Structure formats: C-alpha cells, structure tokens
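Following our numbering, the numbering of the sequence shown begins with 285 at its first residue and continues without gaps. This report concerns only the one structure given below.
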Amino acid sequence: MTSPSVQPNIFVIFGATGDLTRRKLLPALAKLAKNGHIGDNNAILGIARDTTLDDARFRERSREALAEAGVSSDTANRWCESSLYYEPSGAGTAEDYQRLTARIEEIERTHDLRGNRTFYLALPPRAFPGTIARLGEAGLNRSKGWTRLVIEKPFGRDLDSARELNALVHRHFEESQVYRIDHYLGKETVQNLLVFRFANAMFESLWNRDRVDNVQITVAESLGVEQRAGYYDNVGALRDMVQNHVTQLVSLVGMEVPGVYTAEGVRYEKIKLLRAVAPIEAEDVVFGQYAGGEMDGHPAAGYLDEPGVASSSRTETFVAMKLEIDTWRWQGVPFYVRSGKRLPQSSIISCNN
C-alpha cells in the first residue's frame with residue numbers, strides 16, 4: 285500500500301551507471317517501492333554517457349545491482365520493468381537537454397504524472413556546474429508541478445568553489461528547491477544518534493566535560509578505491525569523508541538540544557557547534573595512504589598500484605585529527621576523528637570516561 289503523502293513524480297538520476305547509483309540509489313529506491321513509499325506510477329530515468337545502453341539493457345544492469353544488494357528477484361523484476369528508463373546524456377549540449385526534456389514529458393504521459401520532478405546529481409563534482417546550468421537553461425528548473433535538485437557531496441572543493449557553486453545554483457533554482465545531500469545521514473546508526481542524545485534523559489546529565497574524557501569518531505572502510513580512482517585521486521579522504529560525513533557526526537554528537545525539533549532548529553544547533561571548533565593545528569592532523577597487503581586472506585593492492593592512480597600520487601586515503609570545541613559542554617574534551625580505506629574495523633563512535 286502506498287503512503288498517502290507520496291506524490292507521483294519522475295526521479296531523474298544523472299550518473300546512472302556510477303557506483304553510487306548501483307550500490308545505494310537503486311537498492312534504496314527499490315526497497316522504498318516495495319514498502320509502499322513510492323507509488324507504482326512513479327518513474328526513474330537514468331542519465332549517463334554510455335550510448336550502448338537503452339531501457340532494456342539498463343534494466344538488466346539494474347537487476348544485477350539489486351541482486352547484489354539482496355533485493356529479491358521478484359521485486360527487482362517487477363520494479364525494473366514498470367519504473368526504470370534510460371536516456372544517454374550525449375555531450376551535454378542544449379540540443380541534448382531538449383531531447384531529455386522530451387523524454388521526461390513522454391514518460392510523464394505514460395505514467396500519468398503531474399509534472400513533479402526530482403533531479404539527483406550522482407556525478408563527479410566537476411560535472412555539477414554544467415549540469416545545473418543546462419537544467420536551468422532548458423527550463424527544467426520549473427514545471428507545472430514541483431521541481432527538486434539534489435546535489436551529492438562534496439559541494440565544492442574549498443570555500444571559494446563552494447560559494448561559486450551555490451551562486452550558480454541560485455541563478456537557476458530557488459533555495460526551497462535544493463537539497464544538498466549527505467547520504468551518510470540515512471544510516472540507521474546515525475539516525476539513532478538523535479534518539480540516543482535527546483530522547484533519553486538519563487544521558488543528558490552525563491553528556492558533558494564532567495563525565496566524558498574524550499570522544500572518538502571513526503569512519504572506517506574495508507574497501508579500497510575500487511573503480512573510483514578517477515574521482516578519488518582528485519579528492520582524497522579529507523574531502524571525500526571528513527568535511528561531510530565525519531563533520532555531520534561531530535555536530536550530531538556535540539550539538540545542544542534544539543529549541544524546536546524542526547530541520548531549521550537542528551541546523552541552527554549544528555552550525556553553533558561547528559563555529560565553536562577551534563582552529564586546527566598542523567601537529568594535530570595525520571595523513572596516510574594504504575599499502576599493499578591482505579584483506580580477508582586475499583591479496584590487496586596498495587593505493588599507488590590501483591588502476592587509474594598515478595604512481596607519484598600523494599592523495600591521502602587515511603586522515604586522523606584532533607578537534608577542540610570551545611563550548612561549556614565540551615571545553616577541554618578532545619574529539620578524535622578518523623577516516624580511511626582498507627581498514628579492518630567497522631565505524632565506531634565512542635565517548636570515553
């Protein structure tokens with residue numbers, strides 16, 4: 285049974301053949317559909333450069349991804365055949381976006397949709413500006429229904445580029461249309477943090493400098509860069525993980541109780557916490573790269589031996605740092621944060637007394 289709050293829409297994924305779509309987006313969308321959170325008349329349109337794919341081949345590739353994610357074959361077959369479509373992106377010209385517009389309108393007629401559209405940018409950061417500009421120029425930033433633009437992390441490479449990207453977004457989209465996504469916040473462990481922090485009064489009296497000696501946040505991955513070297517070697521662990529996923533965890537662990545439990549209320553408290561982080565000294569940061577060895581009894585290549593990585597690369601695959609937070613709650617309590625690839629243990633958040 286479909287949730288009554290779900291409005292029929294077309295969900296357009298730019299970067300439909302990428303790792304994020306295969307491992308995260310498609311399984312998530314399929315499970316939402318199975319549980320009735322996405323109606324049968326909704327549609328997913330994949331956009332990518334691969335000109336060898338069409339609807340049928342994209343559905344077959346998607347069924348393989350869903351099988352790897354543990355989605356049953358019956359659910360995958362039914363959902364793929366009824367909901368999935370594919371359109372090559374071309375060179376990203378104005379004509380290509382006219383063709384994309386026509387395809388979206390065709391699918392909307394097929395599914396009797398109301399003009400509600402979500403554009404999800406599961407793309408390398410360098411592709412964000414061109415895609416956003418073309419969407420606006422093609423008039424896809426508005427429709428007879430609602431329009432949403434979802435931008436995956438990282439949002440810019442540094443402060444200046446983030447501001448430039450934000451200005452570009454606002455030239456074509458209203459702020460109410462834009463979602464800057466950190467998909468890590470959807471993890472059950474992360475979701476439980478808010479409940480753990482604020483729904484159990486017992487912990488409030490313990491959650492401060494008088495009872496906590498240090499806080500350690502470790503986001504560890506056993507995987508290497510896999511097929512993402514082209515992206516990862518230009519980003520590294522600091523930009524890929526720390527400035528988004530890990531920073532969100534720091535803010536959730538350290539923030540004060542929101543005055544009201546709304547998105548704006550939570551955001552306000554997160555910002556207060558992050559503004560209280562003291563300047564980070566060089567001696568409080570460690571970078572590293574994983575070397576060759578074994579994982580689960582099998583040989584594992586070192587980072588410099590991964591396909592697509594330059595032998596002289598100095599991109600970090602591991603980063604650790606100490607943060608000091610100058611608030612009454614956490615003054616004098618160090619926050620140790622770590623993230624890296626090819627690490628043997630799962631993610632851990634601990635507060636030691």
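Glycine included, each C-beta is placed from N, C-alpha and C at the ideal position. Fair warning: this is a prediction, and the values are worked out from it, not measured in the lab.
Distance from the CA of Ala-422 to the CA of Phe-412, rounded to the nearest whole angstrom, comes to 15 Å. With the rule of 3 Cβ pairs closer than 8 Å, the segment 420–440 counts as touching the segment 378–387. Look at Val-617 here: in three-state DSSP terms it is coil, with no helix or strand label.
Residue pairing by DSSP puts Ala-604 in a beta bridge opposite Val-570, Arg-622.
Counting along the chain, no beta strand (DSSP E) covers Val-496, and no H or E run does either. Going by DSSP, Tyr-369 is part of the beta strand (DSSP E) stretching over 368–372. In the structure shown, the three-state DSSP call for Tyr-516 is helix. When beta bridges are read from the DSSP output, Val-503 appears opposite Ser-623.
Counting along the chain, no alpha helix (DSSP H) covers Ile-564, and no H or E run does either. Burial of Trp-614 is indicated by the presence of at least 16 other C-beta atoms within 10 angstroms of its C-beta.
Looking only at Gly-549, Val-561, Gly-586, Asp-339, the smallest Cα-Cα distance to Cys-364 is reached by Asp-339. Thr-531: member of the alpha helix (DSSP H) spanning 531–538, first to last residue.
Looking at the DSSP output, Ile-609 sits in a beta bridge with Val-561.
Distance from the Cα of Glu-565 is smallest, within the candidate group Leu-588, Glu-344, Glu-608, for Glu-608. Counting along the chain, Ile-322 sits inside no beta strand (DSSP E), nor does DSSP assign it H or E at all. Counting only residues of its own chain and dropping the five nearest sequence neighbours on each side, Gly-572 has a CB closer than 6 Å to the CB of Phe-602. Runs of beta strand (DSSP E) with 3 or more residues, each lying fully within the segment 319–366, are found at 327–332, listed in chain order. Listed in chain order, the non-local C-beta contacts of Pro-438 below 8 Å within the same chain comprise Pro-409, Val-519, Arg-523, Asp-524, Gln-527, Asn-528, local neighbours out to five positions each way being set aside.
Rounded to whole angstroms, the separation of the alpha carbons of Ser-597 and Asp-442 is 20 Å. In the three-state reduction of the DSSP assignment, Glu-436 falls in the strand class, which pools E and B. In the three-state scheme derived from DSSP, where H, G and I count as helix and E and B as strand, Leu-405 is classed as strand. Positions of the beta strand (DSSP E) runs, each at least 3 residues long and wholly inside the segment 448–490, are given as 462–465 in order along the chain.
With a threshold of 16 other beta carbon atoms within 10 Å, Arg-341 falls short and is exposed. Boundaries of the alpha helix (DSSP H) around Gly-414: 412–421. Here Thr-385 carries a helix assignment [DSSP, helix/strand/coil]. Inclusion of Ala-406 and Leu-452 in the CB contact set at 8 Å is not warranted, their separation being larger than that value. About 5 Å separates the beta carbons of Val-296 and Phe-403, which is inside the 8 Å limit, making them a contact pair. Rounded to whole angstroms, Ala-504 and Lys-428 show a C-alpha spacing of 44 Å. According to the DSSP assignment, Ala-584 belongs to the beta strand (DSSP E) that extends over 582–584. With respect to Leu-337, Tyr-369 sits apart: the two C-beta atoms are not nearer than 8 Å. Annotated three-state conformation of Val-550 is helix, per DSSP. A distance below 7 Å between beta-carbons, with the five flanking residues on each side excluded, links Ala-584 to the following residues of its chain, in chain order: Gly-508, Gly-576, Gly-577, Glu-578, Arg-626. Ala-332 and Gly-299 do touch by the CB rule: their CB atoms are close to 6 Å apart, below 8 Å. Under DSSP, Ile-297 shares a beta bridge with Gly-330, Tyr-404. In the pairwise beta carbon analysis, the segment 551–564 is classified as not touching the segment 470–482: fewer than three pairs are separated by under 8 Å.
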